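So the sequence shown is residues 64 to 285, counted in the numbering used here.
The beta-carbon is built from N, C-alpha and C at its ideal position, and this holds for glycine as well.
These numbers were taken from a predicted model, which means no experiment stands behind them.
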Amino acid sequence: MKHLVAPSILAADFTRLADEFAMVNASEADWFHLDVMDGRFVPNITFGMFIVEAMKKMAQKPLDVHLMIVEPERYVEGFRKAGADVISVHYEACPHLHRVLQQIRASGAKAGVALNPHTPVHLLEDLLADIDLVCMMSVNPGFGGQKFIYQTLPRIRKLKEMIEISNADILIEVDGGVGLQNAESLLQAGANVLVAGNSVFGAPDPSSAIRQLKAIEPVRTF
Ligand code: DX5
Ligand code: ZN
64 MKHLVAPSIL AADFTRLADE FAMVNASEAD WFHLDVMDGR FVPNITFGMF
114 IVEAMKKMAQ KPLDVHLMIV EPERYVEGFR KAGADVISVH YEACPHLHRV
164 LQQIRASGAK AGVALNPHTP VHLLEDLLAD IDLVCMMSVN PGFGGQKFIY
214 QTLPRIRKLK EMIEISNADI LIEVDGGVGL QNAESLLQAG ANVLVAGNSV
264 FGAPDPSSAI RQLKAIEPVR TF
């Protein structure tokens, strides 16, 4: 399957959000990646359901909503109603992860689990049948524009192997510090979805940055 590119709106210019959405709509991007932060699970605060609902009206592509919040189970239906197509919750925020994943699927959205850089991938081993997407954090969540953590590469390889062995249908998404400099290695390691914030919106020509990310053809080494 051809990999997907999901520009992270956190890095967009919020004073001209409609133009930024129009650019992504017209580009080769596949999804909008929306970062919801609550000031508790992560130090930063961004936006909630009300804004996601407004974004849904501007978006002509699926909304990939990354919840960096505590007690995400309280908001799953709300974000689904607001227009989320994929909802990812953090492993570290969910003592009852299995239940939350079922809740997300029951709402009609695809169920994602995000892993902080220190959370071992094998912790997902017994849950693979309940997961549609794993969001592998390649920075510490909370802010855009951080440096990519290289240890993510072997983590993706490990996860890919687990998924293949179990025959599960799961997308591996990489989130944080992704750009042209590391995209090929990420795809080679097994990533299916590239989230890109600053490397897209900080580029002189964002839609060409998206096109270049889409154009990468990784050489499969496994
Ligand atoms: C970080 C967010 C990321 C972030 C990526 O907490 O989850 O989605 O916006 O931004 P870049 O690509 O600039 O690192
Ligand atoms: Zn994110």
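Excluding five sequence neighbours on each side, which residues of the same chain lie with their C-beta closer than 6 Å to the C-beta of residue i?
i	result
LEU191	SER229, ALA231
PRO204	VAL105, MET131
So, residue i versus residue j, is the Cβ gap smaller than 7 Å?
i	j	result
GLY146	LEU126	yes
GLU134	SER170	no
GLY260	ALA122	no
VAL263	LEU222	no
LEU250	HIS66	yes
VAL68	ASP93	yes
Going straight from the alpha carbon of residue i to that of residue j, what length do you get?
i	j	result
GLY102	VAL128	17 Å
ILE108	MET199	21 Å
ILE219	SER151	17 Å
LEU24	ILE233	Lying before the first or after the last residue shown, residue 24 is absent from the chain, which here runs from 64 to 285.
LYS120	ALA81	10 Å
LEU257	VAL99	18 Å
GLU91	ILE279	13 Å
GLY240	LYS210	5 Å
PHE206	GLY242	16 Å
Measuring from the CB of residue i, is there a heavy atom of ligand 3 at a distance below 6 Å?
i	result
GLY111	Among the ligands present in this structure, namely ligand 1 and ligand 2, ligand 3 is not found.
DSSP puts residue i in a beta bridge; with which residues?
i	result
ALA259	PRO70
ILE226	Partner(s): none; ILE226 has no beta bridge.
Give me, in chain order, the residues of the same chain whose beta-carbon lies closer than 7 Å to that of residue i; leave out the 5 immediate sequence neighbours on both sides.
i	result
ALA172	ARG143, ALA147, ASP148, VAL149, ILE150
GLN166	GLU136, VAL139
Looking only at its own chain, which residues have a Cβ that is under 8 Å from the Cβ of residue i, when we skip the five neighbours before and after it?
i	result
MET86	PRO269, SER270
Quiz: which residues have CB nearer than 6 Å to ligand 2 non-hydrogen atoms:
SER71, HIS96, ASP98, HIS129, ASP238, VAL258
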